[in-house]
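Undergrad: Quick one: the structure is below, and I'll ask about it shortly.
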Amino acid sequence: DVKVTQSSRYLVKRTGEKVFLECVQDMDHENMFWYRQDPGLGLRLIYFSYDVKMKEKGDIPEGYSVSREKKERFSLILESASTNQTSMYLCASSLWGTSTYEQYFGPGTRLTVT
Amino acid sequence: AQSVAQPEDQVNVAEGNPLTVKCTYSVSGNPYLFWYVQYPNRGLQFLLKYITGDNLVKGSYGFEAEFNKSQTSFNLKKPSALVSDSALYFCAVREDTGTASKLTFGTGTRLQVTL
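Chains as they are written, first to last, in this note's numbering: chain A, 1 to 114; chain B, 1001 to 1115.
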């Protein structure tokens, strides 16, 4: 089975702190994604990566950056956390292809910024 | 841009009754559509997908989805609901950017199945 793991289930940080969220997948997937999930808004794509060191902005990249130094690992960085970044963060990975395309999700990190 | 809409925030069904969770889509070209489920305190799990072919797609846990091109809908169905089906359901559409494929999700529908 594909496994996507995230470094923390719950995280509490203070406003202005630099925050790292880590995601690791074990299936050699090319694509990795970071979403945030908010009630009533569904999942919104923050950034995605299609290869090592390659990244593209999603729909809501402001206030975030990402890093992908190894194929299996994709990090989301909040340079200076703000209270409006309190949310559930979900990482996902997938193969690059057509009919086999599915995204596999990690369990999520619930981040609270106070 | 591709998009999907889930018009119902919540659907309530009695156990044993059929259930339908609605989704409409807006795409240019052929649609690639997905349903995911999120159980409490869990990540999303893939249920089923429509790529091409039969308009009725079968998936996990007894769920199926009906693709209707004329109504631009992709509704999730199950003939007999279980209490354990209570969860948050998301419809999604695939969009190719040229470098990768990404999914755009709907806002989610909470399914509540009661005894």
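C-beta: ideal position from N, C-alpha, C; glycine also.
Given the structure is predicted, the values throughout are model-derived calculations rather than measurements.
(1) Quick one: what does DSSP say glycine 106 of chain A is sitting in, helix, strand or coil?
(2) Does the separation of the CB atoms of glutamate 1015 of chain B and leucine 1082 of chain B fall below 8 Å?
(3) List, in chain order, every chain A residue whose beta-carbon is nearer than 8 Å to that of glycine 1062 of chain B.
(4) Exposed or buried, which one is serine 75 of chain A when buried takes at least 16 other CB atoms within 10 Å?
(5) Would valine 1004 of chain B and threonine 1109 of chain B qualify as a contact pair, given that the criterion is a beta-carbon distance under 8 Å?
(6) DSSP three-state label for serine 99 of chain A, please.
(7) Can the beta-carbon of glycine 108 of chain A be found closer than 8 Å to that of cysteine 23 of chain A?
(8) Which same chain residues, not among the five before or five after lysine 1078 of chain B, have their C-beta less than 6 Å away from its C-beta?
(9) Measuring only the C-alpha atoms, how far is asparagine 31 of chain A from arginine 14 of chain A?
(10) Compute the distance between the beta-carbons of lysine 55 of chain A and tyrosine 47 of chain A, then report whether it is under 8 Å.
(11) Where does alanine 1100 of chain B fall in DSSP's three states?
(12) To be precise: take each residue of the region 1097-1115 of chain B, compare its Cβ to all Cβ atoms of chain A, and keep it if any distance is under 9 Å. Which residues remain?
(13) Can you tell me whether threonine 1024 of chain B is helix, strand or coil according to DSSP?
(14) For leucine 1103 of chain B, which residues of its own chain have a beta-carbon under 8 Å away from its beta-carbon, when the five flanking residues on both sides are left out?
(15) Could you name the residues of chain A that lysine 1058 of chain B contacts, counting a contact when the two beta carbons are closer than 8 Å?
TA: Based on what the coordinates show:
(1) coil
(2) yes
(3) Near glycine 1062 of chain B there are no residues of chain A at all, since even the closest Cβ is about 19 Å away, more than 8 Å.
(4) buried
(5) no
(6) At serine 99 of chain A, the pLDDT of 49 sits below 50, so the modelled position is not reliable; the number obtained from the coordinates is stated separately. The answer is coil: DSSP assigns serine 99 of chain A none of H, G, I, E or B.
(7) no
(8) Leu1019, Gly1062, Phe1063
(9) 31 Å
(10) yes
(11) coil
(12) Thr1097, Thr1099, Ala1100, Ser1101, Lys1102, Leu1103, Thr1104, Phe1105, Gly1106, Thr1107, Gly1108
(13) strand
(14) Phe1034, Ala1092, Val1093, Arg1094, Glu1095
(15) None at all; the shortest Cβ gap to chain A is about 15 Å.
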